[in-house]
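One structure is given here, and the rest of the page talks about it.
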Amino acid sequence: MNGSKSSGGGTGFDVQKSGDARVALIGFPSVGKSTLLSKTTHTASEAAAYEFTTLTAIPGVIEHKGARIQLLDLPGIVEGASQGRGRGRQVVSTAKTADLIVVMLDATKSEEQKRLLEIELDAVGIRLNKAKPDVVFKRKTTGGITLNTTVKLTKTDEKTIRTILAGCKNHDYEFLDSANPGLDKIHNCDVMVREDITTDEFIDVLIGSSNRVSCFEGMLTYVYNKVDAISLEQVDKLARQQNTVVISCEMDLNLDYLIERMWDELRLVKVYTKKRGAHPDLSDPICLRKGATIEDVCNGVHRSLAPNFRYALVWVCLLCL
Numbered sequence: 001m002n003g004s005k006s007s008g009g010g011t012g013f014d015v016q017k018s019g020d021a022r023v024a025l026i027g028f029p030s031v032g033k034s035t036l037l038s039k040t041t042h043t044a045s046e047a048a049a050y051e052f053t054t055l056t057a058i059p060g061v062i063e064h065k066g067a068r069i070q071l072l073d074l075p076g077i078v079e080g081a082s083q084g085r086g087r088g089r090q091v092v093s094t095a096k097t098a099d100l101i102v103v104m105l106d107a108t109k110s111e112e113q114k115r116l117l118e119i120e121l122d123a124v125g126i127r128l129n130k131a132k133p134d135v136v137f138k139r140k141t142t143g144g145i146t147l148n149t150t151v152k153l154t155k156t157d158e159k160t161i162r163t164i165l166a167g168c169k170n171h172d173y174e175f176l177d178s179a180n181p182g183l184d185k186i187h188n189c190d191v192m193v194r195e196d197i198t199t200d201e202f203i204d205v206l207i208g209s210s211n212r213v214s215c216f217e218g219m220l221t222y223v224y225n226k227v228d229a230i231s232l233e234q235v236d237k238l239a240r241q242q243n244t245v246v247i248s249c250e251m252d253l254n255l256d257y258l259i260e261r262m263w264d265e266l267r268l269v270k271v272y273t274k275k276r277g278a279h280p281d282l283s284d285p286i287c288l289r290k291g292a293t294i295e296d297v298c299n300g301v302h303r304s305l306a307p308n309f310r311y312a313l314v315w316v317c318l319l320c321l
């Protein structure tokens, strides 16, 4: 585990995205987010025994396996954050720019915190540990709305879907016009629904199709801190839960494993470039998300490269599959 002394780009809530991926730490006050940032990135983020120590988004950078992962320490949120209490809207808005959201919990009072945080995040469209709905949405210029389903819809219906697409002002979903500009009044598109989705899940699909941040985050979600304050039996019970890592920032316990899990859930791959007739440069990889294209690699080198790019030879490391 190597922590960069770089702050990772700016202060306030409009933190410039830097590095190869962004991870956001979100949780209630005094759960150890600032301490975790300081321990893993060597970035100064004030930590204290009282609540609301962090008042802005504090970035740091984790250097791991040749990648630079930006870690954001967000201010502690409170119940009612989705309605704007305690800078809640700014916090969750910044969290939605992340590639992975890590929910930090106090192991001594984790269950109540977990329940409240899930409610607050779900209210703003952040779906933790949920797969993206099996819905294909494609805009077109003419032809109207074509809606097909391969399953029976029991949680929504065709009329509701068409109303959402039309952005009807008289409907309950009028927020599509103001909160999600570009989503209102979609008159021409193809929609294929391949699972029994809810109305909210369909709205999430629309938001994702508008080049917005996906509402469905990585699967590493819950990090229980302060496990040194509970019994071994309780630690074992927490550690066996899905999508969970137990740590103690006070004792530096399991921090390396947490970073390794972040790496796995971000699904980063390293791409090495080579000149013709030469060995690949293994000292400076280009780190991209799994599923990246040759164009993404070109942009990782320089944005001017892609327009004139003709072809590429790609070697795949079988040990990485």
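Numbering-wise, UniProt numbering puts 176 at position 176 of the sequence shown, and it's gapless, one number per residue. We put the CB at the ideal spot given by N, CA and C, even for glycine. What you are looking at is a predicted structure, and each value in this text was computed from that prediction instead of being measured.
Considering only DSSP beta bridges, list what residue i is partnered with.
i, result
"Asp73", "Leu25, Ile58"
"Met251", "Per DSSP, none; premise fails for Met251."
"Lys138", "Asp190"
"Asn148", "Met192"
"Cys317", "According to DSSP, Cys317 bridges with nothing at all."
"Cys287", "Lys270"
Helix or strand or just coil, what does DSSP make of residue i?
i, result
"Phe202", "helix"
"Tyr272", "coil"
"Ala67", "strand"
"Asp196", "coil"
"Tyr311", "coil"
"residue 332", "Missing from the structure shown is residue 332; the chain here goes from 1 to 321 and no further."
"Arg240", "coil"
"Leu105", "strand"
"Arg127", "strand"
Mark residue i as exposed unless 16 or more other C-beta atoms lie within 10 angstroms of its C-beta, in which case mark it buried.
i, result
"Glu111", "exposed"
"Ser34", "buried"
"Tyr257", "exposed"
"Ser248", "buried"
"Glu120", "buried"
"Gly19", "buried"
"Val316", "exposed"
"Gly88", "buried"
"Pro280", "exposed"
Whole angstroms are fine: how far does the CA of residue j sit from the CA of residue i?
i, j, result
"Thr141", "Cys189", "8 Å"
"Ala49", "Gly27", "Note on Ala49: pLDDT 48, under 50, position unreliable in the model; no value is reported."
"Ser6", "Thr41", "Confidence at Ser6 is low in this model, with a pLDDT of 48, below 50, so the placement of that residue should be treated as unreliable; the coordinate-derived value is given next. One C-alpha to the other measures close to 8 Å."
"Leu305", "Glu265", "29 Å"
"Lys114", "Gln16", "29 Å"
"Lys159", "Gly167", "12 Å"
"Leu232", "Leu238", "10 Å"
"Gly143", "Asp252", "60 Å"
Comparing alpha-carbon positions, which option in the options lies nearest residue i?
i, options, result
"Gly66", "Cys317, Leu105, Leu282, Val301", "Leu282"
"Ala107", "Tyr222, Val151, Leu255, Arg267", "Tyr222"
"Lys152", "Lys39, Cys287, Asp196, Ser38", "Asp196"
"Ile292", "Val269, Thr273, Pro285, Ala312", "According to the sequence provided, residue 292 is Ala. The question's Ile does not apply to it. Closest by alpha carbon: Val269."
"Ala229", "Arg68, Gln83, Lys109", "Lys109"
"Thr244", "Val78, Ile69, Val103", "Val103"
"Gly60", "Gly76, Asp200, Leu37", "Leu37"
Is the closest heavy atom of the ligand ADP to the C-beta of residue i under 7 Å?
i, result
"Arg68", "This structure does not include the ligand ADP; it has no bound ligands of any sort."
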